[in-house]
Amino acid sequence: MNLSPTELKAIGVAARWYARLQSGIATDADRAAWNDWLLADDAHRQAWQRMTAVGEQMARVPGGLAAPALRGAERSRRQVLRSVLVLTSAGSLGWLGWRSETSQNLFADFRTAVGERREFRLADGSSLLLNTDTSVNLRFDGRQRVLELLRGEILVTTAVDPMQRPFKVVTRHGEVLALGTRFIVRSREHTGEVAVLEKAVEVSSAGSASTVRLQAGQSIAFNATSLGAIRRNDASVGAWQQGSIIAIDRPLAELLADLSRYRTGVLRCDPRIAHLKVSGAFPIDDTDLALAALESGFSLRISRYSRYWVNVSGADGRGHSPR
Amino acid sequence: MSSNDLSLRSAVNDLYCDHHGWLNGWLRKRLGNAFDAADLAQDTFVRVIKARNALEIREPRPYLSMIAKGLLIDLFRRRSLEQSYLEALAAMPEAQQPSLEEQAILLQALMEIDRLLQGLGPKVKQAFILSQFEGLTYPQIAERLGVSVRTINNHMAKAMEHCCLMQIQLQLA
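Chains as they are written, first to last, in the numbering used here: chain A, 1 to 323; chain B, 324 to 496.
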């Protein structure tokens, strides 16, 4: 069906009436004039019916849900679409810097999806294991070997470089210089973390001049302005390589937050049991299995509302769930 | 089947054999996910078959990647909406959270709304959301956005016309 010029015009006028009547300041005179217009022609009534169909469509989603959802989507898209345009013209996203993180992730050199884990061998013989939901850019040149960790977590095993170029992992919070070694770097929203498994690394925060040398068995957290205290690694460090999370007396909420890195959707913990201490090894390649283990081992109740929505509450009625 | 159909078919076939693997890799690198990449590669060739122009394609890889880029953006549109929908759901008080069935229906409805709004300028869209989903009057919206009531009225008329035409178009498709 092609719309005739009359129909098109009627739709335009109907849209103006609809807008006027929805303004919250329409007068009785407005309504009377609209009524006259409506009764004047069949085409007007048909066009008006189309307006109300649009209004009905909008009313199918509660406003309190639709408004934030549409706005949030708009925000993330604006970032990505901009970079897609840049990509087609310039072929590189490098100059965008850290600002548009989402778009960088989408076009990073190495990337894993949520729940995925993958190993890459680099040109210099080093190897790179990406944990879930991770993006890395590679910047190797004649002078240095640099990995940009955009988000997520990596295990790096460096190889001896015949050209003796330094090997660095750069995150937005700071840098890690490898000193012939095996280490893990994680970039979180507000902090970075490094754990050394073999040999040593040198860690520096993005905004401060101080550096610290970290030996095998040690780890540290840092943010853009400072370095944290050096801690000793325990069994839980790097357990993801073998496909599990090891918890030793960890608050349930923390463990669930960690598990949710490996699955899409919402994993919600009832606040009343958030501090419950749990221990054990939980598989990350099958997080449903991990949840089942929690359910039986710690008498919790796992309620599923969709593949995207899981609620964890106490089995004895501590914490109620949505209907 | 005409000889024209036959040569078209063999052109598509050649295209598929020569470039499917490459396209798959191209998509995988961007998506970081083999399943989505395979789906989009398949969809790309479906588009080519439907367009019936395989014989005229001179630069197959730029052409395929152009289609694939469009599909990539569509996929990203859907994913970004799904993600922000989930976040909006999670922010709701527990007692108001919809049931499983309702959630699926709401997401579907939201995707349709999103399609109707596609192509509207950011200012028009913002005014529309404030009016239709947050129930603000035009004077309130005007104040918040720092423009005149008349401008809001124009934005809303434009948005309604746009949504109406989109709805007609989508019903026909």
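Ideal Cβ placement from N, Cα and C applies to all residues, glycine included.
Kindly say whether residue i, judged by its beta-carbon, lies nearer than 8 Å to any beta-carbon of chain B.
{"i": "glycine 152(A)", "result": "no"}
{"i": "threonine 112(A)", "result": "yes"}
{"i": "isoleucine 327(A)", "result": "An answer regarding residue 327(A) cannot be provided, because it is not within the stretch 1 to 323 covered by chain A."}
{"i": "phenylalanine 57(A)", "result": "Reading off the sequence shown, one finds glutamine at residue 57(A), where the question assumed phenylalanine. At least one chain B Cβ lies under 8 Å of glutamine 57(A)."}
{"i": "tryptophan 34(A)", "result": "no"}
{"i": "alanine 53(A)", "result": "yes"}
{"i": "leucine 383(A)", "result": "The question about residue 383(A) has no answer, for chain A in this structure spans 1 to 323."}
{"i": "alanine 293(A)", "result": "no"}
{"i": "serine 126(A)", "result": "no"}
{"i": "serine 100(A)", "result": "A caution first: serine 100(A) carries a pLDDT of 38, below 50, which makes its placement in the model too unreliable to give a value."}
{"i": "tryptophan 344(A)", "result": "The displayed coordinates of chain A run from 1 to 323. Any statement about residue 344(A) would go beyond what the structure contains."}
{"i": "serine 4(A)", "result": "no"}
{"i": "tyrosine 308(A)", "result": "yes"}
Cutting at 7 Å between CB atoms, please list the residues of its own chain near residue i, excluding the five before and the five after it.
{"i": "proline 5(A)", "result": "none"}
{"i": "leucine 459(B)", "result": "Leu453"}
{"i": "leucine 394(B)", "result": "Leu363, Asp366 and Thr367"}
{"i": "leucine 214(A)", "result": "Val194, Val196, Ala200, Val201, Val203, Ile220 and Ile230"}
{"i": "arginine 121(A)", "result": "Ser127"}
{"i": "glycine 115(A)", "result": "Thr132, Tyr262 and Arg263"}
{"i": "leucine 387(B)", "result": "His342, Leu346 and Thr367"}
{"i": "glycine 238(A)", "result": "Leu155, Ile184, Ala195 and Leu197"}
{"i": "proline 283(A)", "result": "Gly243, Ser244, Leu289 and Ala290"}
{"i": "tryptophan 34(A)", "result": "Trp17 and Leu21"}
{"i": "aspartate 234(A)", "result": "Ile248"}
{"i": "cysteine 269(A)", "result": "Leu252, Ala253, Leu256 and Val312"}
{"i": "alanine 315(A)", "result": "Ser299, Leu300 and Arg301"}
Which same chain residues, not among the five before or five after residue i, have their C-beta less than 6 Å away from its C-beta?
{"i": "serine 187(A)", "result": "Leu149, Arg151 and Thr171"}
{"i": "histidine 275(A)", "result": "Pro251"}
{"i": "valine 176(A)", "result": "Val169, Val185, Val194, Val201 and Val203"}
{"i": "alanine 178(A)", "result": "Thr158, Phe167 and Val201"}
Output the boundary residues of the alpha helix (DSSP H) element that contains residue i.
{"i": "glutamine 406(B)", "result": "383-414"}
{"i": "glutamate 450(B)", "result": "In the sequence as presented, glutamate is not what sits at residue 450(B); that position holds alanine. It spans 445-455 - the alpha helix (DSSP H) in which alanine 450(B) sits, taken as one unbroken run."}
{"i": "leucine 331(B)", "result": "326-354"}
{"i": "glutamate 466(B)", "result": "461-468"}
{"i": "threonine 367(B)", "result": "357-374"}
{"i": "tryptophan 240(A)", "result": "Looking at the DSSP string, tryptophan 240(A) is not in any alpha helix (DSSP H), and its letter there is neither H nor E."}
{"i": "leucine 8(A)", "result": "5-21"}
{"i": "glutamine 431(B)", "result": "423-440"}
Residues in its own chain within less than 8 Å of residue i by CB, not counting five upstream and five downstream?
{"i": "aspartate 341(B)", "result": "Pro383"}
{"i": "isoleucine 372(B)", "result": "Val335"}
{"i": "leucine 32(A)", "result": "The residue you asked about is not leucine; residue 32(A) is alanine in the sequence shown. Here the set comprises nothing."}
{"i": "arginine 182(A)", "result": "Leu155, Val156, Thr157, Thr158, Val196, Leu197, Glu198 and Lys199"}
Does chain A have any CB closer than 8 Å to the CB of residue i?
{"i": "glycine 458(B)", "result": "yes"}
{"i": "leucine 329(B)", "result": "no"}
{"i": "serine 471(B)", "result": "no"}
{"i": "glutamine 441(B)", "result": "no"}
{"i": "glutamate 435(B)", "result": "yes"}
{"i": "glutamate 410(B)", "result": "yes"}
{"i": "lysine 446(B)", "result": "no"}
{"i": "lysine 386(B)", "result": "Residue identity differs from the one stated: residue 386(B) is tyrosine in this sequence, not lysine. Not an interface residue."}
{"i": "leucine 484(B)", "result": "In the sequence as displayed, the identity of residue 484(B) is glutamate instead of leucine. Yes - at least one Cβ of chain A is within 8 Å of the one on glutamate 484(B)."}
{"i": "asparagine 347(B)", "result": "no"}
{"i": "alanine 432(B)", "result": "yes"}
{"i": "arginine 499(B)", "result": "The displayed coordinates of chain B run from 324 to 496. Any statement about residue 499(B) would go beyond what the structure contains."}
{"i": "proline 462(B)", "result": "yes"}
{"i": "glutamine 490(B)", "result": "yes"}
{"i": "cysteine 487(B)", "result": "yes"}
{"i": "arginine 467(B)", "result": "no"}
{"i": "serine 333(B)", "result": "no"}
{"i": "leucine 350(B)", "result": "no"}
{"i": "isoleucine 452(B)", "result": "yes"}
{"i": "alanine 480(B)", "result": "yes"}
{"i": "leucine 429(B)", "result": "yes"}
Can you tell me where the beta strand (DSSP E) holding residue i begins and where it ends?
{"i": "tryptophan 309(A)", "result": "309-314"}
{"i": "aspartate 249(A)", "result": "244-251"}
{"i": "valine 54(A)", "result": "Premise fails: valine 54(A) lies in the alpha helix (DSSP H), 42-59, not in any beta strand (DSSP E)."}
{"i": "arginine 121(A)", "result": "118-121"}
- Would you say the region 41-52 of chain A touches the region 7-26 of chain A, given that touching needs at least three Cβ pairs under 8 Å? Verdict: yes, contact present.
Exercise. For the region 443-457 of chain B and the region 417-424 of chain B, state whether three or more C-beta atom pairs, one from each stretch, are separated by less than 8 Å.
Key: As far as the Cβ criterion goes, the region 443-457 of chain B does not touch the region 417-424 of chain B, which means the pair count is below three.
Would you list, in sequence order, the uninterrupted beta strand (DSSP E) runs of no fewer than 3 residues that lie entirely inside the region 130-184 of chain A?
-> Runs of the beta strand (DSSP E) spanning 3 or more residues and lying entirely within the region 130-184 of chain A occur at 135-140, 145-157 and 167-170, in chain order.
Checklist line | Start-end ranges of the alpha helix (DSSP H) lying completely within the region 265-302 of chain A, minimum 4 residues | finding: As far as the region 265-302 of chain A is concerned, its whole alpha helix (DSSP H) runs of at least 4 residues are 287-297.
For the region 407-415 of chain B against the region 69-76 of chain A, do three or more pairs of beta-carbon atoms, one drawn from each stretch, fall closer than 8 Å, so that the two count as touching? In short, these stretches touch, since the Cβ pair count reaches three.
Next on the checklist: Check whether the region 222-229 of chain A and the region 241-256 of chain A touch, using three or more Cβ-Cβ pairs below 8 Å as the test.
Outcome noted: Too few Cβ pairs lie closer than 8 Å, so no.
- the region 14-25 of chain A touching the region 469-484 of chain B, judged by at least three CB pairs closer than 8 Å: Pairwise C-beta distances place the region 14-25 of chain A in contact with the region 469-484 of chain B, as three or more of them are shorter than 8 Å.
Notebook entry, point to check: What are the complete beta strand (DSSP E) segments, minimum 3 residues, inside the region 183-221 of chain A?
Noted result: Qualifying beta strand (DSSP E) stretches, in chain order: 192-205 and 211-215.
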